[in-house]
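Mapping of the sequence shown onto this note's numbering: residues 12 to 296, in sequence order.
C-beta atoms are modelled at their ideal positions from N, C-alpha and C, and glycine is treated no differently.
Heads up, the thing below is written out as structure tokens.
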Amino acid sequence: MDGLSAFAPQAGADEKNETVGGAALSAPLLSVENVTLEYRAPGRVVRATQNVSFDVWEADRFVLLGASGCGKSTLLKAVGGFIAPREGQILLDGHPVHGPGPDRVVVFQEFDQLPPWKTVRENVAFPVRVSGRMSRKQAAERADYYLEKVGLSRFADAYPNTLSGGMKQRVAIARALAMEPRVLLMDEPFAALDALTRRKMQEELLHLWEEVRFTLLFVTHSIEEALVVGNRIALLSPHPGRMRAEINSHEWDLNSGGSPEFQAATNRIHGLLFEQPETAGDIRA
Ligand code: ADP
Ligand code: MG
Numbered sequence: 012m013d014g015l016s017a018f019a020p021q022a023g024a025d026e027k028n029e030t031v032g033g034a035a036l037s038a039p040l041l042s043v044e045n046v047t048l049e050y051r052a053p054g055r056v057v058r059a060t061q062n063v064s065f066d067v068w069e070a071d072r073f074v075l076l077g078a079s080g081c082g083k084s085t086l087l088k089a090v091g092g093f094i095a096p097r098e099g100q101i102l103l104d105g106h107p108v109h110g111p112g113p114d115r116v117v118v119f120q121e122f123d124q125l126p127p128w129k130t131v132r133e134n135v136a137f138p139v140r141v142s143g144r145m146s147r148k149q150a151a152e153r154a155d156y157y158l159e160k161v162g163l164s165r166f167a168d169a170y171p172n173t174l175s176g177g178m179k180q181r182v183a184i185a186r187a188l189a190m191e192p193r194v195l196l197m198d199e200p201f202a203a204l205d206a207l208t209r210r211k212m213q214e215e216l217l218h219l220w221e222e223v224r225f226t227l228l229f230v231t232h233s234i235e236e237a238l239v240v241g242n243r244i245a246l247l248s249p250h251p252g253r254m255r256a257e258i259n260s261h262e263w264d265l266n267s268g269g270s271p272e273f274q275a276a277t278n279r280i281h282g283l284l285f286e287q288p289e290t291a292g293d294i295r296a
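Structure below.
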């Protein structure tokens with residue numbers, strides 16, 4: 012991280028105490044340590060992120076915020092275990108991530124992430140069942156429990172193609188939560204929704220978090236969404252993504268929207284994201 016992290020005056024100690032209920036603060040749930048990620052093709056290397064580090068604590072709503080192409084999705088894929096870091100390491104509960112696992116589940120932006128030939132209930136129950144942890148009946152009960160949480164009990168027997176985009180995303184969220192992962196990974200899950208539905212989904216996600224207290228790693232390129240959804244935000248520079256700053260955002264919620272303070276925070280973050288850092292900040296390890 013560079014000098015811009017001065018924007019995080021109360022570096023989160025209070026928040027951490029609050030979110031982990033006084034449990035030992037020494038061990039983050041997820042540690043991303045100096046992670047550089049690359050795509051390699053013959054004769055070509057694309058560096059997606061460079062030397063990115065952050066810690067996610069139990070019940071955090073941690074947001075990766077940055078411009079399109081700065082490597083947010085790539086970071087999420089690496090946490091998901093689908094891409095190995097070129098440099099650095101990713102630790103979950105202190106153990107290096109070496110591949111995908113049921114302890115990390117991803118919700119994507121696309122509405123077509125649900126197999127259309129399964130009902131809503133089957134969509135939610137299926138991954139729970141194939142992960143080998145539950146009988147068909149138990150998995151269906153688990154599915155119904157989380158469908159109720161996202162307000163879709165009435166649609167348990169419907170097929171995805173009969174649902175709106177927002178409803179499909181609710182199913183995807185229920186399906187992910189039903190796995191009861193250590194970390195829920197969300198990659199711009201509301202970006203393809205209309206503005207009103209998007210806002211409603213943000214609200215519902217926060218309510219769901221109040222109830223279930225899952226740990227969330229959430230990717231967005233929207234500053235407003237980051238402030239509303241997150242309690243902590245990592246600001247990533249444009250391509251290749253590097254940590255520009257880490258800030259606390261637990262003071263903002265959906266009601267902060269139009270306030271001058273919220274607008275000021277938005278402007279400051281915009282500056283941190285897009286203004287050229289002082290050249291002295293461009294230090295290579
Ligand atoms: P973001 O999610 O922040 O928009 P991505 O993680 O998708 O950014 O991409 C980061 C960089 O990696 C971009 O320059 C993108 O073009 C490149 N990239 C993404 N996926 C691939 C891929 N499969 N092969 C090569 N380059 C890729
Ligand atoms: Mg992306």
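Could you tell me the boundaries of the alpha helix (DSSP H) in which residue i lies?
i: residue 161; result: Here residue 161 belongs to no alpha helix (DSSP H), and DSSP marks it neither H nor E.
i: residue 277; result: 271 to 285
i: residue 133; result: 131 to 141
i: residue 209; result: 206 to 223
i: residue 236; result: 234 to 240
i: residue 180; result: 176 to 189
Alpha carbon to alpha carbon, how far is residue j from residue i? Give it in angstroms, no decimals.
i: residue 114; j: residue 226; result: 11 Å
i: residue 279; j: residue 150; result: 46 Å
i: residue 33; j: residue 268; result: Caution applies to residue 33, whose pLDDT of 46 falls short of 50 and renders its modelled position unreliable; the value that the coordinates give is listed next. Cα-Cα distance, rounded: 31 Å.
i: residue 95; j: residue 55; result: 18 Å
i: residue 283; j: residue 235; result: 14 Å
i: residue 159; j: residue 210; result: 20 Å
i: residue 72; j: residue 112; result: 20 Å
i: residue 244; j: residue 216; result: 17 Å
i: residue 122; j: residue 201; result: 10 Å
i: residue 223; j: residue 128; result: 29 Å
i: residue 85; j: residue 70; result: 23 Å
i: residue 179; j: residue 152; result: 20 Å
i: residue 277; j: residue 237; result: 10 Å
i: residue 265; j: residue 273; result: 10 Å
i: residue 218; j: residue 212; result: 10 Å
i: residue 233; j: residue 103; result: 27 Å
I believe residue i touches residue j by the beta-carbon criterion, under 8 Å. Please report the beta-carbon distance rounded to the nearest angstrom.
i: residue 228; j: residue 67; result: 6 Å
i: residue 80; j: residue 281; result: About 17 Å; that fails the 8 Å criterion.
i: residue 208; j: residue 177; result: 4 Å
i: residue 120; j: residue 199; result: 4 Å
i: residue 187; j: residue 118; result: 5 Å
i: residue 125; j: residue 192; result: Not a contact, Cβ separation roughly 18 Å.
The beta strand (DSSP E) spanning residue i covers which residue range?
i: residue 197; result: 194 to 198
i: residue 72; result: 72 to 76
i: residue 255; result: 254 to 259
i: residue 44; result: 41 to 52
i: residue 297; result: Absent from the structure is residue 297, since the part of the chain shown begins at 12 and ends at 296.
i: residue 245; result: 243 to 247
i: residue 86; result: Taken as a continuous stretch (DSSP letters only), residue 86 belongs to no beta strand (DSSP E), being part of the alpha helix (DSSP H) at 83 to 91.
i: residue 62; result: 55 to 67
i: residue 226; result: Unbroken run through residue 226: none, as it is neither H nor E.
i: residue 118; result: 115 to 118
Does residue i come within less than 8 Å of chain B when only Cβ atoms are used?
i: residue 283; result: As a matter of chain content, chain B is missing from the structure shown, which is built from one protein chain.
Under 8 Å, do residue i and residue j count as touching if we go by C-beta distance?
i: residue 230; j: residue 83; result: yes
i: residue 183; j: residue 154; result: no
i: residue 196; j: residue 87; result: yes
i: residue 206; j: residue 157; result: no
i: residue 252; j: residue 77; result: yes
i: residue 64; j: residue 254; result: yes
i: residue 75; j: residue 247; result: yes
i: residue 131; j: residue 89; result: no
Kindly list the residues whose CB is nearer than 7 Å to the CB of residue i, restricted to its own chain and excluding five residues on each side of it in sequence; keep chain order.
i: residue 109; result: 92
i: residue 38; result: 105
i: residue 116; result: 187, 190, 192, 195, 196
Taking 8 Å as the limit between beta carbons, can you name the residues of its chain near residue i, skipping five residues before and five after?
i: residue 107; result: 100, 101
i: residue 242; result: 26, 30, 71, 72, 73, 259, 260, 261
i: residue 174; result: 131, 166, 182
i: residue 285; result: 78, 249
i: residue 164; result: 155, 158
i: residue 142; result: 113, 190
Go through its chain and collect everything with a Cβ distance to residue i's Cβ below 6 Å, but skip five positions before and after it.
i: residue 185; result: 135, 157, 158, 161
i: residue 50; result: 57
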